[in-house]
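Step one of this worksheet: look at the structure below.
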Amino acid sequence: MKLILRGHHLLCLQGFQGYGYSDNFIKNMNYINNLRKSKNTIISITNKADDICKCCPNLKNNLCENEKQNAKITKMDNEIISKLDTSKKYDAQELFNKITTIFNSKESVKYICGSCGWHEKCLFYKKLK
Ligand code: SF4
Ligand code: SF4
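Numbering (the numbering used here), first residue to last: 1420 to 1548.
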């Protein structure tokens, strides 16, 4: 199975515990989260709307809410992408192992999670020192 994921969602998936923007969004998040843990899943990285955004009510004209918000989100994606190779298709389990090694402290995600409205609930963020 192939997935397209935007950079910052590689962190958000690790913190997902059932919260989200709509029932359809949550259902899709559960589906993607199971897939990314499966063997034989291949992931391409992007800083644009992805397989999670496509079920999000905030996606408007392929942008996250509007131009201003989309620019903020793209910046978060680019923080992650700068540590990866966007031309590569990653084995999902290897990719998440790599991401966990790189983004392993609150300091390492300060430009990604620092201004995120979910950080008080997010299991990924809460477990970081
Ligand atoms: S704090 Fe926000 S941006 Fe960071 S991983 Fe959690 S949900 Fe994603
Ligand atoms: S559209 Fe925006 S809020 Fe919705 S999943 Fe994509 S990045 Fe997140």
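Cβ atoms here follow ideal geometry from the backbone N, Cα and C, with glycine treated the same way.
Check whether the Cβ of phenylalanine 1543 sits closer than 7 angstroms to any heavy atom of ligand 1, and report yes or no. Taking the first residue of the sequence shown as 1, we reach residue 1543 at position 124. Correct: phenylalanine 1543 has its Cβ closer than 7 angstroms to ligand 1.
Test item: CB-CB of asparagine 1453 and leucine 1432 under 8 angstroms: What you label residue 1453 is simply residue 34 of the sequence shown in a count that begins at 1. What you label residue 1432 is simply residue 13 of the sequence shown in a count that begins at 1. Result no, Cβ atoms of asparagine 1453 and leucine 1432 do not sit closer than 8 angstroms.
Let's test the definition: count the other Cβ atoms within 10 Å of the Cβ of asparagine 1489 and tell me whether it reaches 16, buried, or not, exposed. Sequence index remark: in the sequence shown, residue 1489 carries index 70 (1-based). Its Cβ being crowded by 16 or more others within 10 Å, asparagine 1489 is buried.
According to DSSP, is threonine 1493 part of a helix, a strand, or is it coil? If you number the sequence shown from 1, residue 1493 lands on position 74. Helix.
How would you call methionine 1495, buried or exposed, if buried means at least 16 neighbouring beta carbons within 10 angstroms? The sequence position of residue 1495 within the sequence shown is 76, counting from 1. When all chains shown are included, methionine 1495 counts as buried.
Can you tell me whether isoleucine 1499 is helix, strand or coil according to DSSP? As a position in the sequence shown, residue 1499 is number 80, starting the count at 1. Helix at isoleucine 1499.
Per the DSSP calculation, isoleucine 1461 is bridged to which residue(s)? As a working mapping, residue 1461 is identified with position 42 in the sequence shown. Answer is Lys1421, Asp1510, bridged to isoleucine 1461.
Segment contact, 8 angstroms Cβ cut-off, at least three pairs: the stretch 1459-1467 with the stretch 1498-1511: yes
According to DSSP, is leucine 1432 part of a helix, a strand, or is it coil? Within the sequence shown, residue 1432 is the residue found at index 13, counting from 1. Correct three-state label for leucine 1432: helix.
Taking 7 angstroms as the cut-off, does the CB of asparagine 1477 come closer than this to any heavy atom belonging to ligand 2? Working through the sequence shown from its first residue, we reach residue 1477 at position 58. Yes, the beta carbon of asparagine 1477 sits closer than 7 angstroms to at least one heavy atom of ligand 2.
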